[in-house]
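Asks: Residue numbers are given in my numbering: position 256 of the sequence shown equals residue 256, and the series is strictly consecutive.
Ideal placement from N, C-alpha and C gives every residue a C-beta, glycine not left out.
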Amino acid sequence: MIEPFVPQLVYIEPGALEYPLGKQLKIKFEKMGIEIRKTTSHNQVRNIPGKNDLQKYRNAKSTLVVGIRKTLKFDTSKPSAEYAIPLATGCMGHCQYCYLQTTMGSKPYIRTYVNVEEILSAAEMYMKERAPDETRFEAACTSDIVGIDHLTHSLKKAIEYFGKSDYGKLRFVTKYHHVDHLLDAAHQGKTRFRFSINADYVIRNFEHGTSPLIERIKAAVKVAEAGYPLGFIVAPIYLHEGWEEGYLQMFQLLDEHLPKHIRNDLTFELIQHRFTKPAKRVIQKNYPMTKLELNEEKRKYKWGKYGIGKYVYQKNEQDDIQQHLHNYQQQYFPESTIEYFT
Ligand code: SF4
1 MIEPFVPQLV
11 YIEPGALEYP
21 LGKQLKIKFE
31 KMGIEIRKTT
41 SHNQVRNIPG
51 KNDLQKYRNA
61 KSTLVVGIRK
71 TLKFDTSKPS
81 AEYAIPLATG
91 CMGHCQYCYL
101 QTTMGSKPYI
111 RTYVNVEEIL
121 SAAEMYMKER
131 APDETRFEAA
141 CTSDIVGIDH
151 LTHSLKKAIE
161 YFGKSDYGKL
171 RFVTKYHHVD
181 HLLDAAHQGK
191 TRFRFSINAD
201 YVIRNFEHGT
211 SPLIERIKAA
221 VKVAEAGYPL
231 GFIVAPIYLH
241 EGWEEGYLQM
251 FQLLDEHLPK
261 HIRNDLTFEL
271 IQHRFTKPAK
281 RVIQKNYPMT
291 KLELNEEKRK
301 YKWGKYGIGK
311 YVYQKNEQDD
321 IQQHLHNYQQ
331 QYFPESTIEY
341 FT
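1. Taking the C-alpha atoms as reference points, what is the distance between I217 and P236?
2. Assuming S196 is part of the beta strand (DSSP E), what are its boundary residues?
3. If you measure from the CB of E207, is any heavy atom of ligand 1 nearer than 8 Å?
4. Are the CB atoms of G168 and T142 within a distance shorter than 9 Å?
5. Mind checking whether D166 and A131 have CB atoms under 9 Å apart?
6. DSSP state of R204, grouped into three classes?
7. By a C-beta neighbour count over all protein chains shown, 10 Å radius and 16 as the cutoff for buried, is S344 buried or exposed?
8. Using the Cα positions of P7 and V66, report the straight-line distance between them to the nearest angstrom.
9. In its own chain, which residues sit with a C-beta less than 6 Å from the C-beta of D200, not counting the 5 before and 5 after it?
10. I want to know whether the region 111-122 touches the region 189-204 - three or more CB-CB distances under 8 Å.
11. Below 9 Å between beta carbons: does that hold for L64 and R111?
12. Examine ligand 1 and report whether any of its heavy atoms sits within less than 8 Å of the Cβ of S80.
13. Mind checking whether the beta-carbon of D144 lies closer than 8 Å to any heavy atom of ligand 2?
14. Look at the alpha carbon of A158 and the alpha carbon of P86, and state the distance between them as a whole number of angstroms.
15. What do you get for L72, buried or exposed, if any count of 16 or more other CB atoms within 10 angstroms of its CB means buried?
16. Do you know how far the Cα of A88 is from the Cα of Y328?
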């Protein structure tokens, strides 16, 4: 059983104690007996204990920095939302293909932002710009926000904020099952709660430190029973021996557990495994024993932004994946929607 995340070490950035959440977190971590260090620096990486890069990387993943979000300009977040809402960055999980390894490369620690009201006010500006069109915000672009929210409740605050908004929608995805504190949030149906799921083999081999598939599914049932629109992101879809059977069993397990009455507004997003050359380098550095298949020659090159292309599966493999997963979805969840395959 994966326990809710507890940091080994906490840093508090200058200014964070001027916010109520900063003060609350300091008291909370003191009571929990966690070592707290004050810092004057914005970048903590030099302070993370460890004899070498690998140890520092591991320790960073259990270090929480309590800070202030200075940049209130949101990134875009296609294809699932218009904007990424930054409530936290970094994650305690050890998914070997996690893209945060490249995007947050120099700052692998977890950082939570205490100026939640300011972040939500910035979201309000973005909504006003697009009104009366709706604006969707993705809260899990830079972290697994659910996995740390039992400590901060920032996500809960955001859920309730969007619950009251006229044109805003919130969505996020998680690989953790620690959802209980979110069940009574006044979401008003405006938040789509998604779980990242995969074939059992993939989770067991490549997603260390995250909740097992069955726990994610049980948590999904709880949030759907609490009235949240529910979705699943099947990602990354990874070709391995027996993958057809592996993904079939995943759909069968979903079918076994999801009550009929929560299936009408169910969404699936399908994302095939991909990697870039910089990602391959960083994965092999952080997880030197990885079994992850990262052979460029077996893949199809897809041009990307800033000249950094991705290696995706060959066209015939992509067709095979789409056909199989589409068939499973039709067989078990014909009422649901596949939002995209990418
Ligand atoms: Fe990355 Fe998500 Fe895994 Fe965390 S749970 S390490 S954010 S893939």
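Replies: According to the data block:
1. Residue mapping note: residue 217 aligns to position 217 of the sequence shown, counting from 1. Residue mapping note: residue 236 aligns to position 236 of the sequence shown, counting from 1. Computed Cα separation, rounded: 17 Å.
2. Walking along the sequence shown from the start, residue 196 turns up at place 196. That run of the beta strand (DSSP E) goes T191 to I197.
3. Stepping through the sequence shown from its first residue, residue 207 is reached at position 207. For ligand 1, at least one heavy atom lies less than 8 Å from the Cβ of E207.
4. Residue numbering aside, residue 142 sits at position 142 when the sequence shown is read from its first letter. Residue numbering aside, residue 168 sits at position 168 when the sequence shown is read from its first letter. In this structure, G168 does not lie closer than 9 Å to T142 by Cβ.
5. The residue given as residue 166 occupies position 166 in the sequence shown. The residue given as residue 131 occupies position 131 in the sequence shown. Cβ distance < 9 Å, so D166 and A131 count as in contact.
6. As a first step, residue 204 is located in the sequence shown; it is residue number 204 there, counting from the start. Reduced to three states, the DSSP call for R204 is helix.
7. Past the edges of the chain, shown from 1 to 342, lies residue 344, and the structure says nothing about it.
8. The sequence position of residue 7 within the sequence shown is 7, counting from 1. The sequence position of residue 66 within the sequence shown is 66, counting from 1. Cα to Cα, the separation comes out at about 11 Å.
9. Translated into the one-based positions of the sequence shown, residue 200 becomes position 200. Answer for D200: L213, listed in chain order.
10. no
11. Sequence index remark: in the sequence shown, residue 64 carries index 64 (1-based). Sequence index remark: in the sequence shown, residue 111 carries index 111 (1-based). For L64 and R111, yes; Cβs fall inside 9 Å.
12. Within the sequence shown, numbered from 1, the residue matching residue 80 stands at position 80. Answer for S80: no, Cβ out of range of ligand 1.
13. What this structure holds is ligand 1, not ligand 2.
14. On the sequence shown, residue 158 is found 158 positions in, with the first residue counted as 1. On the sequence shown, residue 86 is found 86 positions in, with the first residue counted as 1. Going by the C-alpha atoms only, they are around 11 Å apart.
15. Within the sequence shown, numbered from 1, the residue matching residue 72 stands at position 72. Result: exposed.
16. Sequence index remark: in the sequence shown, residue 328 carries index 328 (1-based). Sequence index remark: in the sequence shown, residue 88 carries index 88 (1-based). Looking at the two C-alpha atoms, the distance is approximately 35 Å.
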